[in-house]
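With my numbering applied, the sequence shown has no gaps in its numbers, which climb one by one up to 371 at the end.
From the three backbone atoms N, C-alpha and C, an ideal C-beta is built for every residue, glycine too.
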Amino acid sequence: MTSIKVSLNTIDKVKNFVNVINTFDGDFDLVSDRYVIDAKSIMGIFSLDITNALRLDIHDDSEADAVKKALADYIVG
295 MTSIKVSLNT IDKVKNFVNV INTFDGDFDL VSDRYVIDAK SIMGIFSLDI
345 TNALRLDIHD DSEADAVKKA LADYIVG
């Protein structure tokens, strides 16, 4: 599993992120404190505190590089 930090602090970023992440077949989770939701679920994302960076867990390491490239605009330090 690979993890990266992403910023989804606007509604447009969330919508675009979900569109991009849904182009991949693997399983992805977004983690905020103790909450873990399916990263492909727009409703799930809006249940999180999106004002802070979220951890994206990429469960299929073979897709990790492609996902990182596709989500480069959302990745934060």
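- Between L350 and V308, the C-beta gap is not smaller than 7 Å, which leaves the two residues out of contact.
- I305 counts as exposed, since fewer than 16 other beta carbons sit within 10 angstroms of its beta carbon.
- Within the same chain, and ignoring the five residues on either side of I298 in sequence, the residues whose Cβ sits closer than 6 Å to its Cβ are L350, I369.
- DSSP, reduced to helix, strand and coil, places I344 outside both helices and strands of the structure shown, so it counts as coil.
- A distance below 7 Å separates the beta carbons of L324 and I331.
- Rounded to the nearest whole angstrom, the CA to CA distance from I344 to T296 is 21 Å.
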